[in-house]
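Quick notes on the structure that follows.
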Amino acid sequence: MAESFILGLSSGSACLVTCGMVMFPYLMAGSAGVKKIVSDVGVFLLTRLLVYFAIATLIWYFGQKFLSSQVIRTWVSGILYIVFAVMLIWYSLRRNQSKECPAGILASVENARIIPVVLGVVNSLGLCPALLIMLTKSSTEDTLVKSWLAFLSFFAGSSLWFFPLPLAGRIRKKEIIRTVGILATGLAGIIFIIKGLTILIGGIING
Amino acid sequence: MDSTLKKAGMNKSFGKSLLYTLPMLLITFMFISGGKPDFSDLSSTLAMLITFFGVNILYFLMHYTGKTDKFRAILFIVFALSLSFTLISNMMEMRNSMSFSQADILECKIPFCHLVIPMMILPAAFTKSIIFPGSIIGGFANIASMVVLWLVATLVLGRGFCSWGCFYGGWDDGFSRFRKKKVIKRISESWRWMPFAVLFMVSITAALALVPTYCDWICPFKAVTEFEQVTNVESATKAGVFLSLFGGLVIVLPILTRRRTQCSFLCPLGAINSVSNTITPFTIKIDKTNCSECMKCVEVCPLFALTSEDIKNGKVSTFCSKCGKCVDACSKHAIHFGIKGVPSGTMKNFSRNLFLFVSFLFIAVFSSGTIINSLQSLFKLIF
Chain A
8 MAESFILGLS SGSACLVTCG MVMFPYLMAG SAGVKKIVSD VGVFLLTRLL VYFAIATLIW
68 YFGQKFLSSQ VIRTWVSGIL YIVFAVMLIW YSLRRNQSKE CPAGILASVE NARIIPVVLG
128 VVNSLGLCPA LLIMLTKSST EDTLVKSWLA FLSFFAGSSL WFFPLPLAGR IRKKEIIRTV
188 GILATGLAGI IFIIKGLTIL IGGIING
Chain B
87 MDSTLKKAGM NKSFGKSLLY TLPMLLITFM FISGGKPDFS DLSSTLAMLI TFFGVNILYF
147 LMHYTGKTDK FRAILFIVFA LSLSFTLISN MMEMRNSMSF SQADILECKI PFCHLVIPMM
207 ILPAAFTKSI IFPGSIIGGF ANIASMVVLW LVATLVLGRG FCSWGCFYGG WDDGFSRFRK
267 KKVIKRISES WRWMPFAVLF MVSITAALAL VPTYCDWICP FKAVTEFEQV TNVESATKAG
327 VFLSLFGGLV IVLPILTRRR TQCSFLCPLG AINSVSNTIT PFTIKIDKTN CSECMKCVEV
387 CPLFALTSED IKNGKVSTFC SKCGKCVDAC SKHAIHFGIK GVPSGTMKNF SRNLFLFVSF
447 LFIAVFSSGT IINSLQSLFK LIF
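Each protein sequence line maps, in turn, to chains A and B. Residues are numbered in the numbering used here as their position in the first sequence, beginning at 1, plus a constant of 7. Residues are numbered in the numbering used here as their position in the second sequence, beginning at 1, plus a constant of 86.
Here you go:
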């Protein structure tokens, strides 16, 4: 749980500072004060949570079906951790240069009321490496409850960054927060590379 | 040399420098001898005398030559080497190994180091517990004395602690002086924020797991102090991480960049000290009227604390550790030690003397015991 929370927390910071500025105008659009913004952010977060629970259930089911052997589970999860962690580092470095965000597709949504819901779905389904690491983790959990808890922790960690969203305009030194967020995402990647290596080496030693 | 010193506002003579050294001589004598010098044992007498004279000669030379960094670095590097030597020799004597066992953890026998402090804050605030298996009061390197020492130093010196108090900084400071020319010249300024990212990660992970994660998984200096006994894949991976980081950030990169890369890109305590730098009275000032913007100071800064932008703005960044390298490098004497609130270009001499007294006293008192111990161990080995 702690691992998932940290992954959410570290990747969430960079996600908010690059994506938050794209999402912010949509969440603010047509709003009448803080109450409306808070309710929109609430709907957005609730949608994310529901989508994560759905993903956790599906991926756990696939994990049980296709990763039943302990040897396969060790090898697959070890390799996937390393691959996705490298992707996470690459993703954080690349994001340092470009400010792309999947929330940009919202420009085509005309109904302002469903924007927080669409935004929640888009944000949680954006196949970022952090989510791919979570998929790997959840697929190898023993029980469905553990898979849900892992995603719940990931959601909690990443959501912490969205609470100050209504105050985004007042945050000073955004560039520094963004840089630290990107570097923290890269560090999370390194942690998962080490985790992947530990799983693989352990698997090799234990046969 | 006289004209150079006059330009810097430091008209020093042998007598004047000696006069400045006198208070240091008295205070260090009190600390080293404990007020009651004991000359009964030859090796301890020799170790005491070498340390006492060595430390005070360095301080005298700082005043006499007007140069700071060169003499600071000598003591700083000797301090780092002595600490590792003393620790390793103590452990070999006590445990016959550099590694510690689970029993040592359970008995709280692990010596405390200041790098743990950033990870203690959140757990101490929320759970009222200290997440380090060391002795709180009493014994070698106990938690209370180290925290108080660091707190005083960081409030007075700010990030100056990283160049005048840290017993690990001397390692990469030493290796950064190995080559005369840099092999890697350009490094993005963004990396300066890495210690903040590390601080963020280790604080959160330590608070969640109630384990000092930096010491457990990252600290490169485990390679020259002590580390967990290798008994399984996890502890072997940890040992691999410690050695790789020590090799990469403390040896190879400092040699290639002529910078203190571990202190600049990894140390989480450095991030906290950078924040406390904003409240400390001492600073480095840029006198814009004398500055020719040659960027020599930017070139030599070991901690990436100076950028061309900072020089144009006439203000050093919060990453500055007040090592004095930029001050020594500036031929126009446009960059100097200063006190906050005092305009740049004024009271250069007074500010430098005051800062040197405080910072050197700290490192002299803090390091002398360790240096004496290591000299004694060395004499035992040789004779």
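From the three backbone atoms N, C-alpha and C, an ideal C-beta is built for every residue, glycine too.
Chain B contact for residue i (CB, 8 Å cutoff)
i, result
"A/Ala9", "yes"
"A/Gly15", "no"
"A/Leu194", "yes"
"A/Ile66", "no"
"A/Thr205", "yes"
"A/Ile208", "yes"
"A/Leu100", "no"
"A/Thr143", "no"
"A/Gly37", "With a pLDDT of 49 at A/Gly37, under the threshold of 50, the modelled position of this residue cannot be trusted; read the value that follows with caution. Judged by the 8 Å Cβ criterion, A/Gly37 is not in contact with chain B."
"A/Ala92", "no"
"A/Thr186", "yes"
"A/Ala191", "yes"
"A/Phe169", "no"
"A/Phe12", "yes"
Residue-level contact to chain A via CB, residue i, 8 Å cutoff
i, result
"B/Leu294", "yes"
"B/Glu48", "Residue 48 of chain B lies beyond the residue range present for chain B, which begins at 87 and ends at 469; the question has no answer from this structure."
"B/Leu461", "no"
"B/Ile290", "yes"
"B/Ile468", "no"
"B/Trp279", "yes"
"B/Met287", "yes"
"B/Ala325", "no"
"B/Ala309", "no"
"B/Ser231", "no"
"B/Ser403", "no"
"B/Ser276", "yes"
"B/Phe390", "no"
"B/Phe446", "no"
"B/Val284", "yes"
Secondary structure of residue i, DSSP reduced to three states
i, result
"B/Ser185", "strand"
"B/Glu320", "helix"
"B/Gly121", "coil"
"B/Lys266", "coil"
"B/Lys418", "coil"
"B/Phe469", "coil"
"B/Thr369", "strand"
"B/Phe100", "helix"
"B/Lys214", "coil"
"B/Gly424", "strand"
"B/Phe405", "coil"
"A/Phe91", "helix"
"B/Phe253", "coil"
"B/Phe139", "helix"
"B/Phe171", "helix"
"B/Glu314", "strand"
"B/Met206", "helix"
"A/Ile140", "helix"
"B/Gly152", "coil"
"A/Lys202", "helix"
"B/Cys248", "helix"
Own chain, CB closer than 8 Å to residue i, minus 5 neighbours either side, in chain order
i, result
"B/Val327", "Trp303, Ile304"
"A/Val93", "Gly196, Ile200"
"B/Phe313", "Met184, Ser185, Phe186, Lys324, Ala325, Phe328"
Same chain, Cβ closer than 6 Å to residue i, neighbours up to 5 away in sequence not counted
i, result
"B/Ser403", "Ala391, Asp396"
"B/Asp373", "Ala420, Ser430, Gly431"
"B/Ser350", "Leu389, Phe390"
"B/Ser175", "Ser463"
"A/Ser165", "Gly15, Gly19"
"B/Ser453", "Phe165"
Cut-off 7 Å between Cβ atoms - residues of its own chain near residue i, not counting five sequence neighbours on either side
i, result
"B/Phe282", "Ala357"
"B/Tyr254", "Ala166, Phe307"
"B/Lys102", "none"
is_contact[residue i, chain C] using C-beta, thresh 8 Å
i, result
"B/Trp257", "Although the question refers to chain C, the structure presented lacks it and instead comprises the protein chains A and B."
Heavy atom of the ligand COA within 7 Å of residue i beta-carbon
i, result
"B/Ser394", "Only the bare structure without any ligand can be found here, which leaves the ligand COA out of the picture."
- request: Let me know the alpha helix (DSSP H) ranges lying completely inside the segment 329 to 356 of chain B, each 4 residues or longer, listed in chain order.
  value: 339 to 343, 347 to 351
At least three beta-carbon pairs within less than 8 Å, the segment 159 to 167 of chain A to the segment 52 to 71 of chain A: yes
message: Does the structure place the segment 202 to 220 of chain B close enough to the segment 318 to 336 of chain B that three or more beta carbon pairs sit under 8 Å?
response: no
task: Take every Cβ of the segment 281 to 298 of chain B, pair it with every Cβ of the segment 182 to 192 of chain A, and state whether three or more of those distances are shorter than 8 Å.
output: yes
message: So, does the segment 332 to 346 of chain B touch the segment 253 to 267 of chain B, judging by three or more C-beta pairs under 8 Å?
response: yes
message: I'd like to know if the segment 153 to 173 of chain B and the segment 113 to 124 of chain B are in contact, where contact means that at least 3 CB-CB pairs between them fall below 8 Å.
response: no
message: Three Cβ pairs or more, each shorter than 8 Å: is that satisfied between the segment 357 to 371 of chain B and the segment 237 to 245 of chain B?
response: yes
query: Any chance the segment 449 to 463 of chain B sits against the segment 401 to 416 of chain B, with 3 or more Cβ pairs inside 8 Å?
result: no
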